[in-house]
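Below is one structure; the comments refer to it alone.
Chains as they are written, first to last, in our numbering: chain A, 852 to 1232; chain B, 3 to 336.
Set out below in structure tokens:
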């Protein structure tokens, strides 16, 4: 048992943290949030320095590293700024399906494209009603290729992505018979429309994507025909860990800001950090960050070892997203009136944190899943 | 609202009010909170600031201002908070120095609700700079729109309460007639303490009503989704029962406080408890309600997300929850 990061991991952590401190201008962050704009220049810069796709193999533009290293980066970015951090962490959303299940041509074409910052890739799986099996979006596969029809909701980055990885129902009589297909967003039959303003995560557009007789060759299928449901479940597992990483970052960022402010801000003749009410909060926040970090690193480590620990992965998302929410909540509280004002540079952490609770599946659904595991209702996968 | 008699309905008929009990005003505040409407902060105008004029103002001040407060021609604000004085009210630095028939006010106020739209502001100032007790040198002075030397700073961006303005006020040798002083010089701190009971009760009413509104909405949606498989529903009956219990406890406590308060009892300890508990509860319940709506709850088109942003202010304004606990501790003799 060894709880220490390797020298290389510490270097990555430090480099990501230096980059975030240098490039994430706090006022620019508020501006991106207000104008609902993706931080394109910062993202390109992050790609140039190798922070995106670090977990891809070297031959495809990555550094052959693991989810743990990717976690360290997402954590450092979200710690500095929740909005920019999430935008960068989710800029390769869905690429994992190509990295894990794609064929040689797909990997060669897409992974370096993402890692080098040439464009953005996203994936579309959710639909109105949240049924994941069967899906209402269908693909008819024949020797001429795939024809896709349907509608996806909550497609992150939909309007600015160059590629969309879509999960479609391919056999109507078998709920789990689904296929993952790679699409260029610009092709005929794809229509993207915004789902409107959001409470937080405002740098990332969230869109509805409609597919009308979209035709692509069969070579665009990622993985095997009819195995899409299980590919998606594996992708969810990776995303839960990434959500955990973003959660640690936001929780730690909230603590950093609360600590700095409470040592500086004086009331009743002394710094507010010397009052029990604030000290208790700081201690609880510290505990939350540490718990989130331990379980998320464990989850990422198990994944990198090739034996994903389903329970740790579920707990990582649950614990870290709650930690992010609670710490951002308390950081706002410690800042008082200033905390509720945008210029306090903390309230957007609070609005942003809440999405982690909702993302993929809310806490109660994960509780159900975890209960299934521990009561023996679910098989370990 | 003024035209329909919804502002300050508790003021006597001789000043243009409806002469009703405070409970009518609380009903209006509650209905606005149910609807999620923060514009004008009617509860602040009617039940928090107007009472300063009503209780501490003299006959002439009441005759001059109250009718316009009732008609809506005057929008009220109260300015206590400063950049360096938040929870610690006694440390305010804005000064009012008497010169002949005027006070000359200098200083800055921040986070003032209705700060931009208001045209009559009750300002907490130090009238004696070197007094022996920081509690005995604060006075409340009414500053009218257009007073020389009074200007407004920015309308601040914030998490929620978007239909309501939160402003900065700037006083540079601001001249106000001595006749604008409310009550006695040097009594301001005690006046504020006296009125904070009602302010905190109003705050608790808003928190409770917000939690109830969000919960009822969520319960309706839950029932509509009942046909779904359990794994698709992000809240279970267990969670709903817990929220309903929280809300019932809050409502029962709050109703008892409204009764005591209207009867004129000193319930500072209990009101402080209600202010912190209901605002924490509202945030807890609404955050959980949001999860039922899943990603939709995060969209501005869905009301639950707006409740989520709006109620985050409640544990902060009208005295932070940490200050409430300090007051409770004092009242318990610790």
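For each residue, glycine too, the CB sits at the ideal point set by N, CA and C.
Because the structure is a prediction, the values reported are computed rather than measured.
Mapping the DSSP letters down to three states, classify residue i as helix, strand or coil.
{"i": "residue 1088 of chain A", "result": "helix"}
{"i": "residue 1034 of chain A", "result": "strand"}
{"i": "residue 65 of chain B", "result": "helix"}
{"i": "residue 95 of chain B", "result": "coil"}
{"i": "residue 333 of chain B", "result": "helix"}
{"i": "residue 1232 of chain A", "result": "With a pLDDT of 44 at residue 1232 of chain A, under the threshold of 50, the modelled position of this residue cannot be trusted; read the value that follows with caution. Coil, per DSSP."}
{"i": "residue 1005 of chain A", "result": "strand"}
{"i": "residue 311 of chain B", "result": "helix"}
{"i": "residue 1207 of chain A", "result": "helix"}
{"i": "residue 71 of chain B", "result": "helix"}
{"i": "residue 1122 of chain A", "result": "strand"}
{"i": "residue 992 of chain A", "result": "strand"}
{"i": "residue 1252 of chain A", "result": "Because chain A in this structure spans residues 852 to 1232, residue 1252 of chain A falls outside the shown range and cannot be described."}
{"i": "residue 1072 of chain A", "result": "strand"}
{"i": "residue 1194 of chain A", "result": "helix"}
{"i": "residue 951 of chain A", "result": "helix"}
{"i": "residue 100 of chain B", "result": "strand"}
{"i": "residue 914 of chain A", "result": "coil"}
{"i": "residue 6 of chain B", "result": "coil"}
How many whole angstroms separate the CB atoms of residue i and residue j, which I take to be in contact at a CB cut-off of 8 angstroms?
{"i": "residue 143 of chain B", "j": "residue 154 of chain B", "result": "Actually they do not touch by this definition, with Cβ atoms about 17 angstroms apart."}
{"i": "residue 178 of chain B", "j": "residue 141 of chain B", "result": "Contact flag wrong, Cβ pair sits at about 11 angstroms."}
{"i": "residue 2 of chain B", "j": "residue 83 of chain B", "result": "What is shown of chain B runs 3 to 336, which leaves residue 2 of chain B out entirely."}
{"i": "residue 835 of chain A", "j": "residue 1146 of chain A", "result": "Coverage of chain A is limited to positions 852 through 1232, which leaves residue 835 of chain A absent and any answer about it impossible."}
{"i": "residue 207 of chain B", "j": "residue 33 of chain B", "result": "Going by Cβ atoms, the distance from residue 207 of chain B to residue 33 of chain B rounds to 11 angstroms, so no, they are not a contact pair."}
With residue i as the anchor, note down where its beta strand (DSSP E) starts and where it stops.
{"i": "residue 174 of chain B", "result": "168 to 179"}
{"i": "residue 128 of chain B", "result": "122 to 128"}
{"i": "residue 155 of chain B", "result": "152 to 157"}
{"i": "residue 1041 of chain A", "result": "1041 to 1045"}
{"i": "residue 1235 of chain A", "result": "A query on residue 1235 of chain A cannot be resolved here, the shown segment of chain A reaching from 852 to 1232 and no further."}
{"i": "residue 106 of chain B", "result": "104 to 115"}
{"i": "residue 929 of chain A", "result": "Run containing residue 929 of chain A: none in the beta strand (DSSP E); it sits in the alpha helix (DSSP H), 918 to 931."}
{"i": "residue 78 of chain B", "result": "78 to 81"}
{"i": "residue 142 of chain B", "result": "140 to 146"}
{"i": "residue 972 of chain A", "result": "972 to 975"}
Report all residues from its chain with a CB closer than 8 angstroms to the CB of residue i; omit the five preceding and five following residues, and keep chain order.
{"i": "residue 921 of chain A", "result": "905, 906, 1093, 1096, 1151"}
{"i": "residue 166 of chain B", "result": "40, 41, 42, 43, 115, 116"}
Kindly say whether residue i, judged by its beta-carbon, lies nearer than 8 angstroms to any beta-carbon of chain D.
{"i": "residue 292 of chain B", "result": "Looking for chain D here will not work: the only protein chains present are A and B."}
Which residues bound the alpha helix (DSSP H) around residue i?
{"i": "residue 804 of chain A", "result": "Residue 804 of chain A cannot be examined here, being either before or after the span of chain A that is shown, 852 to 1232."}
{"i": "residue 246 of chain B", "result": "239 to 264"}
{"i": "residue 289 of chain B", "result": "270 to 294"}
{"i": "residue 39 of chain B", "result": "Taken as a continuous stretch (DSSP letters only), residue 39 of chain B belongs to no alpha helix (DSSP H), as it is neither H nor E."}
{"i": "residue 1014 of chain A", "result": "Segment 1014 to 1020 is the beta strand (DSSP E) holding residue 1014 of chain A; no alpha helix (DSSP H) there."}
{"i": "residue 862 of chain A", "result": "858 to 874"}
{"i": "residue 208 of chain B", "result": "190 to 226"}
{"i": "residue 13 of chain B", "result": "No alpha helix (DSSP H) contains residue 13 of chain B, which DSSP labels as neither H nor E."}
{"i": "residue 964 of chain A", "result": "955 to 966"}
{"i": "residue 1177 of chain A", "result": "1161 to 1185"}
{"i": "residue 1132 of chain A", "result": "1127 to 1155"}
{"i": "residue 885 of chain A", "result": "877 to 886"}
{"i": "residue 1116 of chain A", "result": "Here residue 1116 of chain A belongs to no alpha helix (DSSP H), and DSSP marks it neither H nor E."}
{"i": "residue 1158 of chain A", "result": "Element bounds for residue 1158 of chain A: n/a, residue is neither H nor E."}
{"i": "residue 58 of chain B", "result": "52 to 58"}
Under 6 angstroms Cβ to Cβ from residue i, same chain only, skipping five residues before and after it: list those, please.
{"i": "residue 36 of chain B", "result": "211, 215"}
{"i": "residue 987 of chain A", "result": "978, 1001"}
{"i": "residue 871 of chain A", "result": "927, 928, 931"}
{"i": "residue 158 of chain B", "result": "168"}
{"i": "residue 313 of chain B", "result": "212, 284, 285, 288"}
{"i": "residue 1026 of chain A", "result": "984, 985"}
{"i": "residue 1105 of chain A", "result": "1178, 1179, 1182, 1200"}
Excluding the five sequence neighbours on either side, which residues of its own chain have a C-beta within less than 7 angstroms of the C-beta of residue i, listed in chain order?
{"i": "residue 943 of chain A", "result": "903, 904, 965, 972"}
{"i": "residue 1116 of chain A", "result": "1122, 1123"}
{"i": "residue 1007 of chain A", "result": "941, 944, 973, 1055, 1057"}
Practice prompt. Report yes or no: do the segment 942 to 957 of chain A and the segment 1082 to 1093 of chain A share at least 3 C-beta pairs separated by less than 8 angstroms?
Written response: At 8 angstroms Cβ cutoff, the stretches touch.
Worksheet item: Are the segment 877 to 891 of chain A and the segment 927 to 939 of chain A touching, with three or more C-beta to C-beta distances below 8 angstroms?
Response: Touching, per the Cβ criterion.
Discussion item. For the segment 314 to 326 of chain B against the segment 279 to 287 of chain B, do three or more pairs of beta-carbon atoms, one drawn from each stretch, fall closer than 8 angstroms, so that the two count as touching?
Written reply: In this structure the segment 314 to 326 of chain B touches the segment 279 to 287 of chain B; the number of beta carbon pairs closer than 8 angstroms is three or more.
Worksheet item: Per the contact definition of three or more C-beta pairs closer than 8 angstroms, is the segment 1179 to 1199 of chain A in contact with the segment 1101 to 1117 of chain A?
Response: Pairwise C-beta distances place the segment 1101 to 1117 of chain A in contact with the segment 1179 to 1199 of chain A, as three or more of them are shorter than 8 angstroms.
Worksheet item: Pairing CB atoms from the segment 1135 to 1145 of chain A with CB atoms from the segment 1157 to 1166 of chain A, are three or more of them under 8 angstroms?
Response: Contact between the segment 1135 to 1145 of chain A and the segment 1157 to 1166 of chain A is absent, because fewer than three Cβ pairs lie under 8 angstroms.
Item to complete: For the segment 911 to 925 of chain A and the segment 872 to 886 of chain A, state whether three or more C-beta atom pairs, one from each stretch, are separated by less than 8 angstroms.
Response: Proximity of the segment 911 to 925 of chain A to the segment 872 to 886 of chain A falls short of the contact definition, fewer than three beta-carbon pairs being nearer than 8 angstroms.
Worksheet item: Are the segment 264 to 279 of chain B and the segment 323 to 335 of chain B in contact at 8 angstroms, needing three or more beta carbon pairs?
Response: As far as the Cβ criterion goes, the segment 264 to 279 of chain B touches the segment 323 to 335 of chain B, which means the pair count is three or higher.
Worksheet item: Does the count of Cβ pairs from the segment 92 to 100 of chain B and the segment 56 to 68 of chain B closer than 8 angstroms reach three?
Response: The segment 92 to 100 of chain B, when compared against the segment 56 to 68 of chain B, does not touch it at the 8 angstroms Cβ threshold.
Practice prompt. Take every Cβ of the segment 198 to 207 of chain B, pair it with every Cβ of the segment 264 to 273 of chain B, and state whether three or more of those distances are shorter than 8 angstroms.
Written response: Here the segment 198 to 207 of chain B makes contact with the segment 264 to 273 of chain B; the two share three or more CB pairs at distances below 8 angstroms.
Worksheet item: For the segment 178 to 188 of chain B against the segment 72 to 81 of chain B, are there 3 or more C-beta pairs whose distance is under 8 angstroms?
Response: Counting Cβ pairs under 8 angstroms, fewer than three are found: no touch.
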